[in-house]
Amino acid sequence: MATTAANVSQKFRKSFKIVSKDILRWFPGHMGRGLRKMQQILKTVDCVIEVHDARVPITGRNPDFQHKICGLRPHVLVLNKKDLIEAKHEEAIRNYLKNTGISSVFFGNCKDQKSRELDKVIPVVSDLICSSNRYNRSEEKDYSVMVIGVPNVGKSSLINWLRNKHLNKGNAAQVGAVAGITRRVQNRIKVSEEPKVYLLDTPGILQPSVKDVEAGLKLALCACLQDHLVGEIVIADYLLYTLNKMQNFKYVELMGLEDPSDEIGMVLVKGAIKLDKFQKVKHYDGSLVKRPNIAAAAIYLIREFREGRLGKIVLDSVDSCDSTG
Ligand SMILES: Nc1nc2c(ncn2[C@@H]2O[C@H](COP(=O)(O)OP(=O)(O)OP(=O)(O)O)[C@@H](O)[C@H]2O)c(=O)[nH]1
Ligand SMILES: [Mg+2]
-7 MATTAANVSQ KFRKSFKIVS KDILRWFPGH MGRGLRKMQQ ILKTVDCVIE VHDARVPITG
53 RNPDFQHKIC GLRPHVLVLN KKDLIEAKHE EAIRNYLKNT GISSVFFGNC KDQKSRELDK
113 VIPVVSDLIC SSNRYNRSEE KDYSVMVIGV PNVGKSSLIN WLRNKHLNKG NAAQVGAVAG
173 ITRRVQNRIK VSEEPKVYLL DTPGILQPSV KDVEAGLKLA LCACLQDHLV GEIVIADYLL
233 YTLNKMQNFK YVELMGLEDP SDEIGMVLVK GAIKLDKFQK VKHYDGSLVK RPNIAAAAIY
293 LIREFREGRL GKIVLDSVDS CDSTG
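Take the sequence shown: its letter number 234 is residue 226 in the working numbering, and every next letter is one higher.
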């Protein structure tokens, strides 16, 4: 029988139970040092570009940035990885953010050098700087802009993208698929000649303690924390909970299931069998037995989501954007 919303919605969890907030806590020394350094050099900065993941447009931005950095300089928000969300949500998100006082918002795809959405970032940044009080920097001809955000959202990629776009030059900032690649505030990188704009790459910084557990789980799913800290099976379970809530059942076939399920253990066992992922474990008598490798299945399922193969998914409720927008 075909899976319908009506015949499956009953059996899904209404909320996600997490055993401990501690698994979402990740604030290594380089983040504390980075934030202090960013505050220290703010007097040499004319504008701040905050980069965040478009899949979590409402949650997960570091509130420490608002008080300590963004509120003190002109601010532009780039919601990056727009290739992983549906374009139809952009307007509602924009409206929602506008109502919270953020009006300079760009959706970008830094993996696509040919995309046009970020073309206007530097002109908008220049306009904002021109119309702001530059205090001690009012005599300076060049503009200095700090790029901030939580880990792995594409800060360094954005710098490379802009540099390539405006100067036709290769990558100057180091990029990588795991959170925590940039570990300290970097030297200025020129990304535009006319006007002369320099960008400062900074380490991704999370809040020292997680207040909103669900926002923390969404960040974990988007790879803003390193997977092993939270645990791949917890992340996969949160993904399963989310997909079921959204009635997105693409995982059913992928994991070799007959029907949707809310049982992560069963989904991963069947998935491991379908994917032929097994591990050898020692039996009580010393012999080796093959068991489905559920960790490998969890990693596979998470990767399918991150690479957009489970659909273009906004993890925040865009309906709540619509109602406020
Ligand atoms: N799908 C997609 N991936 C992107 C995009 N921009 C960057 N990435 C990828 O996201 C990952 C993180 O990119 P980085 O530029 O290193 O992110 P970061 O914010 O500098 O990360 P940290 O320095 O670790 O805080 C890399 O694997 C990039 O290739 C995008 O627009 N779309
Ligand atoms: Mg970086």
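Note that the Cβ used here is the ideal one computed from N, Cα and C, for glycine as well.
Quick caveat, the model's predicted, so the values are computed rather than measured.
Item, Value
"Beta-carbon contacts of Gly27 that lie in its chain and below 6 Å, excluding the five residues immediately before and after", "Reading off the sequence, residue 27 comes out as Leu, not Gly. The residues are Ile197."
"Beta-carbon proximity of Leu293 to Leu260, cut-off 9 Å", "yes"
"Coarse secondary structure for Ile151, derived from DSSP in three states", "helix"
"Integer Cβ distance of Leu159 from Ser136, believed to fall under 8 Å", "About 16 Å; that fails the 8 Å criterion."
"Status (buried if at least 16 other CB within 10 Å, exposed otherwise) for Pro200", "exposed"
"Option nearest Tyr190 by Cα separation, candidates Lys29, Phe57, Ile121, Thr234", "Ile121"
"Residues bridged to Ile41 [DSSP beta-bridge criterion]", "Val68, Val139"
"Proximity of Leu150 and Ile41 at Cβ, strictly below 9 Å", "yes"
"Euclidean distance between Cα positions of Ala289 and His275", "22 Å"
"In DSSP terms, what Lys274 is bridged to", "Leu280"
"Proximity test, Asp329 beta-carbon vs ligand 2 heavy atom, cut-off 8 Å", "Absent from the structure is residue 329, since the part of the chain shown begins at -7 and ends at 317."
"Opposing strand residues paired with Arg180 [DSSP bridges]", "Leu192"
"Three-state secondary structure (DSSP) of Val97", "strand"
"Gly263 versus Cys62 - alpha carbon distance", "44 Å"
"Gly172 vs Pro195 beta-carbon contact at 9 Å", "yes"
"Closest by C-alpha distance to Leu16, when choosing among Glu206, Lys157, Asp75", "Glu206"
"Where the alpha helix (DSSP H) containing Thr234 begins and where it ends", "224 to 237"
"Neighbourhood of Phe99 by C-beta, 7 Å cutoff - its chain only, sequence neighbours within 5 removed", "Ala46, Leu71, Lys74, Glu82, Glu109"
"Three-state secondary structure assigned by DSSP to Gly26", "helix"
"Run of the alpha helix (DSSP H) containing Gly208, from where it starts to where it stops", "205 to 213"
"CB-CB length for Ala79 against Asn144, believed under 8 Å", "Ala79 to Asn144, Cβ: 23 Å. No contact."
"Cα-Cα separation between Asp327 and Leu231, rounded to whole angstroms", "No information on residue 327 is available, as it lies outside the stretch -7 to 317 that the chain covers here."
"Closest Cα partner of Lys29 within the set Pro66, Phe297, Arg175", "Arg175"
"Distance between beta carbons of Val43 and Arg65, contact taken as under 8 Å", "Incorrect: roughly 15 Å between the Cβ atoms, too far for contact."
"Burial state of Leu280, where buried means 16 or more other Cβ atoms lie within 10 Å", "exposed"
"CB contact flag (Asp254, Asn236, <9 Å)", "yes"
"Val167 versus Gly93: straight-line alpha-carbon distance, rounded", "31 Å"
"Inter-residue spacing [alpha-carbon to alpha-carbon] between Met247 and Gly257", "12 Å"
"Distance cut-off 8 Å: Gln166 Cβ against heavy atoms of ligand 2", "yes"
"Own chain, CB closer than 8 Å to Thr316, minus 5 neighbours either side, in chain order", "Note that Thr316 scores 40 on pLDDT, short of 50, meaning its location in the model is unreliable; the coordinates nonetheless yield the value given after this. Once the five neighbours on either side are set aside, the close Cβ partners of Thr316 are Asn87, Tyr88, Asn91."
"Backbone secondary structure at Arg298 - three-state DSSP", "helix"
"C-alpha distance - Leu192 paired with Lys35, whole-angstrom precision", "13 Å"
"Ile50 (DSSP reduced to helix, strand or coil)", "coil"
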